[in-house]
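If you want mature numbering (1 follows the signal peptide of the UniProt record, and there is no 0), it's the position in the sequence shown, counting the first as 1, plus 362.
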Amino acid sequence: TVPGSFIDLVAGPSQQAIFQPDGPASDLWTYNGSAPGPEIRVRRDERVRVRLTNNLEEPTSLHWHGIRIDNAMDGVAGLTQEPIEPGESFEYDFVAPDAGTYWYHAHNKSWNQVARGLYGPLIVDEDEVPFDRAHDLTLVIDDWRLAGEGTLDVASLGSLMDWSHDGRLGNWLTVNGRAMPVNMLNAGEPYRLRLINASNARILEIDPNRFDAKVIAYDGQALPEPVRLTYAPLMVGPAQRVDLLIVPQAGSDFVIEELSGDTPFAFAGFEVRGETADGPGVPSLPVNDLPEPELAGARTVRVEMTGGAMGNIGRVTYNGKVLEGSDFRDTGQVWAFNGIANLPETPLYSAQRGETIVIETVNNTAFVHAMHVHGHHFRVIERSGSEIDVGQPWRDTFLVGPQQTTRIAFVADNPGKWLYHCHMLEHAAGGMNTWFEVT
Ligand code: C2O
Ligand code: CU
Ligand code: CU
363 TVPGSFIDLV AGPSQQAIFQ PDGPASDLWT YNGSAPGPEI RVRRDERVRV
413 RLTNNLEEPT SLHWHGIRID NAMDGVAGLT QEPIEPGESF EYDFVAPDAG
463 TYWYHAHNKS WNQVARGLYG PLIVDEDEVP FDRAHDLTLV IDDWRLAGEG
513 TLDVASLGSL MDWSHDGRLG NWLTVNGRAM PVNMLNAGEP YRLRLINASN
563 ARILEIDPNR FDAKVIAYDG QALPEPVRLT YAPLMVGPAQ RVDLLIVPQA
613 GSDFVIEELS GDTPFAFAGF EVRGETADGP GVPSLPVNDL PEPELAGART
663 VRVEMTGGAM GNIGRVTYNG KVLEGSDFRD TGQVWAFNGI ANLPETPLYS
713 AQRGETIVIE TVNNTAFVHA MHVHGHHFRV IERSGSEIDV GQPWRDTFLV
763 GPQQTTRIAF VADNPGKWLY HCHMLEHAAG GMNTWFEVT
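Structural data, given as structure tokens:
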């Protein structure tokens, strides 16, 4: 048996420069003093215990995004556990059954707590680790909104504009909490780059072909073969991950750029040193063993997403209802929180354990959404007007475009209460937040 790890995390306020290393420090909320929090790296099937102590002035909880975890450890305040009150601790105790790139983040008023820095990477190693640590780089990317002097714009957190439109979009990207870090790579050697989008709402648009990289995993799940994309850009939505494989050639220094703006924003630099010799072979990633959905006889659940008019505070809803669980109240006061404790009392559906569920998500809004299923990975089986993601990869979060319909399928095999929500965190808080039950 693997002995297991014990990790202490303390959520609390801390100061960190995010604009430039010597720039002014922002008032962040972090795990163990830095955003992102420490990289938690465990072995597949290892027992992990994490004691989270809450030194914030408000309740919190911690979610292990993408892990097929025991429901009681899923960390959703108000649904799977009581919120952890200020001064209290909670011990998470779980086993991660699948290798890959995951992350952890606060799951109580996430739109606020994640925006302030409460997130970190969670890496689950394969039984035989394919890339050694020098060739396995984690890039946690965040999109911050900085105000004048280059500090976190706290005053605009929760603004009506963000809640009713695309969510909170920033103006500054960091990787592992730093602006434009430069990594050194050896020519001719294969590297795994794990990109994690920790933004509240920013969809990162990147083109791996610009630096000759292939995709080897999405949302933690390895592809059978490395894939060279035949389209661009690759959209990496909030909470989504992509693992890239690169074998840099001598003299081919490069940057990774985010392409959604008017001008590309370079957020990570790479310098390639040495001569390209006969490097080691490219290791392959083992594919996780996830239950394959059987579409014949599967139950389809339809979710229609609509957005209210501005007169209705621009709220986004499921099936025409504004669900509680929202931080957003009918008073029209954005800051009148309701907490996350009031999720709808009845689930979107109740599945028998082992049943294949198809969720058909009809996006009748003018915005893109990043839909996330807790506790399960799914396949995208159909998407109107686009083939992206259809067929091959497993995902735990998918993008659905304006007026697009997307069908996903998965085996509901993990008992408990699981969220289905938009990972644009302002949208989730504004009502785009529901749950299903597996019994
Ligand atoms: Cu990344 Cu509900 O979570
Ligand atoms: Cu999740
Ligand atoms: Cu959304």
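We put the CB at the ideal spot given by N, CA and C, even for glycine.
Length of the line joining the Cα atoms of residue i and residue j
i, j, result
"Arg769", "Val762", "10 Å"
"Met733", "Asp640", "43 Å"
"Gln695", "Gly582", "Low confidence applies to Gln695: its pLDDT is 30, below 50, so where it sits in the model is not reliable, and the reading given next is rough at best. Roughly 38 Å separates the two Cα atoms."
"Leu501", "Leu555", "7 Å"
"Ala509", "His469", "26 Å"
"Trp797", "Ala790", "12 Å"
"His527", "Gly792", "11 Å"
"Phe381", "Ser561", "16 Å"
"Val372", "Glu656", "42 Å"
"Glu620", "Asn417", "34 Å"
"Glu450", "Glu419", "11 Å"
"Leu585", "Val577", "8 Å"
"Pro755", "Arg741", "7 Å"
"His738", "Gly636", "43 Å"
"Leu484", "Thr442", "20 Å"
"Gly428", "Val665", "21 Å"
"Pro386", "Gly462", "35 Å"
"Gln611", "Gly532", "34 Å"
"His731", "Arg603", "16 Å"
"Asp758", "Ser646", "22 Å"
"Pro588", "Val491", "17 Å"
"Asp498", "Leu547", "11 Å"
"Ser748", "Asn394", "42 Å"
"Arg590", "Glu567", "16 Å"
"Arg540", "Ala379", "8 Å"
"Thr625", "Glu511", "22 Å"
"Pro448", "Ala439", "14 Å"
"Gln377", "Ala579", "34 Å"
"Gly613", "Asn571", "17 Å"
"Gln765", "Ala477", "28 Å"
"Asn559", "Phe760", "13 Å"
"Thr513", "Asp384", "12 Å"
"His783", "Ser472", "12 Å"
"Asp505", "Asn726", "26 Å"
Cut-off 6 Å between Cβ atoms - residues of its own chain near residue i, not counting five sequence neighbours on either side
i, result
"Asp389", "none"
"Phe452", "Leu414, Ile446"
"Pro375", "Trp391"
"Ala628", "Val617, Glu619"
"Gly479", "Leu390, Trp391, Thr392, Ala397"
"Asp569", "Ala594, Pro595"
Inter-residue CB distance, residue i and residue j (contact presumed, cutoff 8 Å)
i, j, result
"Pro642", "Pro552", "7 Å"
"Arg430", "Glu488", "Wrong, their Cβ atoms sit about 16 Å apart, outside the cutoff."
"Gly529", "Met786", "4 Å"
"Val634", "Ala549", "5 Å"
"Thr662", "Val724", "Thr662 to Val724, Cβ: 12 Å. No contact."
"Val598", "Leu557", "6 Å"
"Val773", "Thr718", "5 Å"
"Glu788", "Ala563", "6 Å"
"Gly669", "Ala728", "7 Å"
"Tyr466", "Leu424", "6 Å"
"Gly771", "Ile743", "The amino acid at residue 771 is misidentified as Gly; the sequence shows Ala. About 5 Å separates the two Cβ atoms, so the contact holds."
"Val735", "Ala660", "So it is not a contact: roughly 15 Å between Cβ atoms."
Neighbourhood of residue i by C-beta distance below 8 Å, restricted to the same chain and skipping five residues each side
i, result
"Pro543", "Val537, Ala630, Gly631"
"Ile369", "Pro400, Ile402, Val410, Arg411, Val412, Arg413"
"Gly778", "Asp432, Asn433, Ala434, Asp436, Thr442, Gly737, Glu799, Val800"
"Phe493", "Pro552, Tyr553, Arg554, Pro645"
"Asp775", "Pro653, Arg715, Gly716, His738, Val800"
"Glu444", "none"
"Pro709", "Lys779, Thr796, Trp797, Phe798, Glu799"
Close beta carbons around residue i, own chain, < 7 Å, minus the five adjacent residues each side
i, result
"Gln475", "Trp391, Thr422, Ala468"
"Ala458", "Val404, Arg406, Val410, Ile429, Val486"
"Asp515", "Arg507, Leu508, Ala509"
"Ile608", "Tyr553, Leu555, Phe573, Asp574, Ala575"
Ligand 5 heavy atom lying under 7 Å from the CB of residue i
i, result
"His789", "In the structure on display, ligand 5 does not appear, and the ligands it does have are ligand 1, ligand 2 and ligand 3."
CB contact below 8 Å: residue i versus chain D
i, result
"Trp465", "Note that chain D does not occur in the displayed structure, where there is just one protein chain."
Unbroken stretches of the beta strand (DSSP E), 3 residues or longer, contained in the stretch 450–485: 451–457, 462–468
Curious, which full-length alpha helix (DSSP H) runs of at least 4 residues does the stretch 369–453 contain? none
Any residue with its Cβ nearer than 6 Å to a heavy atom of ligand 1 should be included. What is that list in chain order? His425, His427, His467, His469, Ala601, His734, His736, Leu781, His783, His785
Considering only residues of the stretch 734–780, which uninterrupted beta strand (DSSP E) runs meet the minimum length of 3 residues and lie entirely inside it, listed in chain order? 740–745, 759–762, 767–774
Beta strand (DSSP E) segments (min. 3 residues) lying fully within the stretch 586–664: 596–598, 603–608, 616–620, 627–635
Which complete alpha helix (DSSP H) runs does the stretch 501–569 hold, if anything under 4 residues is left out? 522–526
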